[in-house]
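Notes follow the structure.
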Amino acid sequence: MKYIPTIGIECHVQLRTKTKLFSEVDNDARGKEPNSCVSPVDYALPGMLPRLNGEAIRLAILAGRAMNCEINASSRFDRKHYFYPDSPKGYQITQFYHPIIGEGWVELPSGERVRIEHAHLEGDAGKLTHFDSYSLVDLNRVDTPLIEIVSMPDMHSAKDAHDYCKALWRLMCFAGVTYGDLYNGNMRFDVNVSIAPEGSKELGKRAEVKNLNSFRSVERAVEYEIKRQSKLLDAGEKVIQETRGWNDATGETTGQRSKEEAKDYRYMPEPDLPPINLSQEFIDAESAKLPMMPSNYRKKFAGIIADDTLEVLLDYPSLMSKLGEIDAKYAKNISNLFASVLLAEEKSAEYLNDLPTAAELSELAEMNDKKELSSTATKEVFLRLFDPQMKGRGVKNIAKELGLVQENDLGALEAIVDTVLAKPETKKAQDDFRAGEEKVIGFLVGQVMKESHGKANPSAVQEILRKKLK
Amino acid sequence: MEIKREDILHLSDLSDFSLSEEEIEKLGGDLEGIIKYISQLDELNTDNAEPTYQVFEMENVWREDEILPQDATREQLLALTKEEKDNQIKVPKVL
Numbered sequence: 001m002k003y004i005p006t007i008g009i010e011c012h013v014q015l016r017t018k019t020k021l022f023s024e025v026d027n028d029a030r031g032k033e034p035n036s037c038v039s040p041v042d043y044a045l046p047g048m049l050p051r052l053n054g055e056a057i058r059l060a061i062l063a064g065r066a067m068n069c070e071i072n073a074s075s076r077f078d079r080k081h082y083f084y085p086d087s088p089k090g091y092q093i094t095q096f097y098h099p100i101i102g103e104g105w106v107e108l109p110s111g112e113r114v115r116i117e118h119a120h121l122e123g124d125a126g127k128l129t130h131f132d133s134y135s136l137v138d139l140n141r142v143d144t145p146l147i148e149i150v151s152m153p154d155m156h157s158a159k160d161a162h163d164y165c166k167a168l169w170r171l172m173c174f175a176g177v178t179y180g181d182l183y184n185g186n187m188r189f190d191v192n193v194s195i196a197p198e199g200s201k202e203l204g205k206r207a208e209v210k211n212l213n214s215f216r217s218v219e220r221a222v223e224y225e226i227k228r229q230s231k232l233l234d235a236g237e238k239v240i241q242e243t244r245g246w247n248d249a250t251g252e253t254t255g256q257r258s259k260e261e262a263k264d265y266r267y268m269p270e271p272d273l274p275p276i277n278l279s280q281e282f283i284d285a286e287s288a289k290l291p292m293m294p295s296n297y298r299k300k301f302a303g304i305i306a307d308d309t310l311e312v313l314l315d316y317p318s319l320m321s322k323l324g325e326i327d328a329k330y331a332k333n334i335s336n337l338f339a340s341v342l343l344a345e346e347k348s349a350e351y352l353n354d355l356p357t358a359a360e361l362s363e364l365a366e367m368n369d370k371k372e373l374s375s376t377a378t379k380e381v382f383l384r385l386f387d388p389q390m391k392g393r394g395v396k397n398i399a400k401e402l403g404l405v406q407e408n409d410l411g412a413l414e415a416i417v418d419t420v421l422a423k424p425e426t427k428k429a430q431d432d433f434r435a436g437e438e439k440v441i442g443f444l445v446g447q448v449m450k451e452s453h454g455k456a457n458p459s460a461v462q463e464i465l466r467k468k469l470k
Numbered sequence: 001m002e003i004k005r006e007d008i009l010h011l012s013d014l015s016d017f018s019l020s021e022e023e024i025e026k027l028g029g030d031l032e033g034i035i036k037y038i039s040q041l042d043e044l045n046t047d048n049a050e051p052t053y054q055v056f057e058m059e060n061v062w063r064e065d066e067i068l069p070q071d072a073t074r075e076q077l078l079a080l081t082k083e084e085k086d087n088q089i090k091v092p093k094v095l
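The listed protein sequences correspond, in order, to chains A and B. No gaps in the numbering here: position 458 of the first sequence is 458 in this note's numbering, and each next residue is one more. No gaps in the numbering here: position 6 of the second sequence is 6 in this note's numbering, and each next residue is one more.
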C-alpha cells in the first residue's frame, strides 16, 4: 500500500548569551572542566532563586522574527516536573502556557512553507555520562538558555525534514542568536514521524526520534522510520506511539523506555519569576535589530552571484554580511574568492572570524578589474590578506611587495615589446607570424612576460604585438 | 474523590518512591482527605476570575547578561553531594 508520511519537528537552540538563563555563570562551557560553570542556583540549593537573563528575551525576539513569528507581549514561565539526575531542581523551568514566540513560518528552498506552532524559552538540563553501575553528572549545561521551536506537521518527506532543519539552522545563525555549532549540540532535533494510507483523513500513530544533531541524521532517521512503519502496517501490525533513539552507526532507531508514556509533568506557574510584559515599543526596537536574513541576501544578489555559489556561501553568515558591505559591482568577484579560495583553505574556519575589511576587498577587486592584478595574482594577494605577517598593510603595498602588479602603462609596455622584438632569437617567430602562423604569438607574449618579470598584462602585450607585426 | 490503589502506585512510580503496603493504605486515606479539603474551592464560581500566577504584582524583573564571580567554589558544591568522582556527581544508574 502507498503511505503518506507526516513529519513535525521540535528543535532546541542554545542561545549565545554570556551567562545562563537563571544565574550569572559563564554559559560557554566548551572545553571547560566538568562542574566548573555552576552556581548554587544551578545546584538548586535550598533558598536559591532564579534571576532571569534579559539578553535571552532579546535573542528570543530576534529568533521569533527570523521565523516570521508573532512575539507575544505577555509571557510567563512554568515548572515542568520530572525526576532525573540531570536536573537537581526536580523540574525544568519552561514556558508551557504562555510562550514568548507565537505562530510563524519558515520557507524551504522548494518555496513551500512549514508553519511554526510556537517557540518558547527554557533552561537546558545537565549532562549524564553512563557507566556500568553508576552515572556521572556534569551540571555545566544546566540552565543554558534554549528556545524550543515547535513546527506544525507540515513536512511529508525525509528531504523536507532535512531542508527544514537546515533552513532553521541558517535563520538562527544569521539572526545571531546561537553559535550554531551542531557538533557541540548547539541545535538538537526531535522528529515526529507518522504514516497513513494515501487518501486517509486521519494521521497514523507517531514515533518520536529524539536528540538528532545533524541534518543528515534527521534525513536518515525519517527515511528509516517511514520504512519501518510501512513494513509494520503492510504486515497488519500497529505502530505504537513511543520515543525512539537514533543510532548513527547502524542507521536504525530503537524503542526507548515505555515508562515515559506514563509521564505526568504536573505543570504549574513558576512562582519565582514574575511575568514578562513587553511593550510594543520594546518589541519593535528589538525586532529592528534583526540583521539581513538568507532570503534578503538571495534577493540582493540575484543575477549577481551564481546560485550555486550563493548556496555555498549562505552557510557562512560572516561571509554574507561582508559581501553585503561591498560595492555590488565587486560582489561577484569577491564571492568567487570566498567560495573557491577561502573555503578551500585548511584554516578557513579560523579565517572566517577575522575577515579583511570591506574596503580592502573592494580595493582588491578593483585592481583585478583594472587588470593591475591578474586573476592568479588576485587570489594570491587575497590569501595574503589573512596572513598574520601581511594583513593590515594595505592591498596595494602587499601586491607591490610580492611584485604582482601588472604593467598596464602602454608606453612602458611598448618599450618592453620593442626590446624583445629587437632580439635576434625572436626574429624567426616574427617572420613566421607575418607568414600567417597564428600560434607563435604565444611564444612572443611569453618572451615579453619574461622580459617584464611577469608584470606585464598579457592581453595588452598581445594587442601591442599584433599592431607592431602587421 | 476516591483514591484507588492503582493511583497510589502510579504516583509512587512517577516520583520514584517505593512504598510499603502499610504506607500505600495510609497514603490513600491521607490524599482523599487532602483533596476533599482543597475541593471546597470548587464551590466558588470562578468563571470570570483572572487566574493568579503570583501575588507580588511584579513584572519584567530581569538582569544584565554579565558574568559575576561566584562565592561558592566547585569543591564546596561537590562536597555537598553524597559521592563524587572526577569532579562529577556520582549517582546510581537511573536508566
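Even glycine gets a Cβ: it sits at the ideal position worked out from N, Cα and C. Predicted model, so just to flag it, every value in this text is computed and none were measured.
- prompt: Can you list the residues of chain B that A/Y134 reaches, using a CB-CB cut of under 7 Å?
  reply: K90, V91, P92, K93
field: Within chain A, partners of B/N87 - CB distance below 7 Å
entry: E33, P34, N35
- prompt: What's the C-alpha gap between A/E148 and A/H156?
  reply: 21 Å
message: Could you tell me the alpha carbon to alpha carbon distance between A/L465 and A/L373, rounded to whole angstroms?
response: 21 Å
query: Considering only residues of the same chain and omitting the five flanking positions on each side of A/L313, which have a CB-CB separation below 8 Å?
result: I305, L319, M320, L323, S335, F338, A339
- prompt: Given that a residue counts as buried once 16 or more other Cβ atoms are within 10 Å of its Cβ, and exposed if not, what is A/S110?
  reply: exposed
Rounded C-alpha distance that separates A/D409 from A/S452: 12 Å
- prompt: Looking at the structure shown, is A/Y134 part of a helix, part of a strand, or coil, going by DSSP?
  reply: strand
task: Please go through the same chain and pick out, in chain order, the residues whose beta-carbon is closer than 6 Å to the beta-carbon of B/D13, but skip the five residues on each side of it.
output: none
- prompt: According to DSSP, is A/R58 helix, strand or coil?
  reply: helix
- prompt: Does the count of Cβ pairs from the stretch 169 to 181 of chain A and the stretch 2 to 18 of chain A closer than 8 Å reach three?
  reply: yes
- request: Report the partner residues of A/D26 according to the DSSP bridge assignment.
  value: A/T19
message: Give me the DSSP bridge partner(s) of A/I93.
response: A/R79
message: Please state the DSSP three-state secondary structure of A/T419.
response: helix
- prompt: Got a sec? Which residues, its chain only, sit under 8 Å from A/M292 by beta carbon, not counting five neighbours each side?
  reply: F174, K300, M320, S321, G324
query: Under 8 Å between the Cβ atoms of A/D472 and A/A125?
result: No answer is possible for residue 472 of chain A: it lies beyond the span of chain A, which begins at 1 and ends at 470.
- prompt: For B/K4, which of B/E25, B/F17, B/S15 has the nearest alpha-carbon?
  reply: B/E25
field: Best match in A/K332, A/G403, A/P197, A/K379 for proximity to A/G454 [C-alpha to C-alpha]
entry: A/G403
- request: Count the CB pairs spanning the stretch 223 to 239 of chain A and the stretch 37 to 45 of chain A that are closer than 8 Å, and state whether there are at least three.
  value: no
query: Is the beta carbon of A/G90 sitting closer than 8 Å to the one on A/H98?
result: no
query: Considering only residues of the same chain and omitting the five flanking positions on each side of B/E6, which have a CB-CB separation below 7 Å?
result: none
- request: Output yes if chain A places a C-beta closer than 8 Å to the C-beta of B/D16; else output no.
  value: yes
message: Restricting to Cα atoms, I'd like to know which of A/R65, A/G64, A/R76 is closest to B/M58.
response: A/R76
query: Quick one: what's got a C-beta closer than 8 Å to A/E223's C-beta in the same chain, skipping five residues either side?
result: A158
Candidates A/R141, A/D132, A/G8, A/H118: closest to A/F22 by CA position: A/R141
task: Using 7 Å as the cut-off, classify the Cβ of A/P40 as near or not near the heavy atoms of the ligand MG, replying yes or no.
output: Questions concerning the ligand MG fall outside what the structure shown contains, since it holds no ligand whatsoever.
- prompt: Quick one: is B/L77 buried, meaning 16 or more other Cβ sit within 10 Å of its Cβ, or exposed?
  reply: buried
- prompt: If we count the other Cβ atoms within 10 Å of its Cβ and call it buried at 16 or more, is A/K20 buried or exposed?
  reply: buried
- request: Anything in the stretch 41 to 63 of chain A with a Cβ closer than 7 Å to a Cβ of chain B? List those residues in chain order, please.
  value: Y43, R51, L52, N53, G54, E55, I57
message: Would A/Y330 and A/A196 qualify as a contact pair, given that the criterion is a beta-carbon distance under 8 Å?
response: no
- request: Anything in chain A within Cβ reach of B/R5, meaning under 7 Å, just list it in chain order.
  value: Those within 7 Å of B/R5 in chain A number zero; the least Cβ separation is about 16 Å.
query: Can you list the residues of chain A that B/E59 reaches, using a CB-CB cut of under 8 Å?
result: P274, P275, I276, N277
task: Check whether the Cβ atoms of A/S362 and A/I398 lie closer than 8 Å to each other.
output: no
query: Within 8 Å (strictly less), CB to CB, does B/I8 reach chain A?
result: no
query: In chain A, what lies closer than 8 Å to B/Q54 by C-beta?
result: P269, P271, P274, P275
task: Using a cut-off of 7 Å between C-beta atoms, extract the partners of A/R17 located in chain B.
output: The sequence shown places Thr at residue 17 of chain A, not Arg. Those within 7 Å of A/T17 in chain B are D65.
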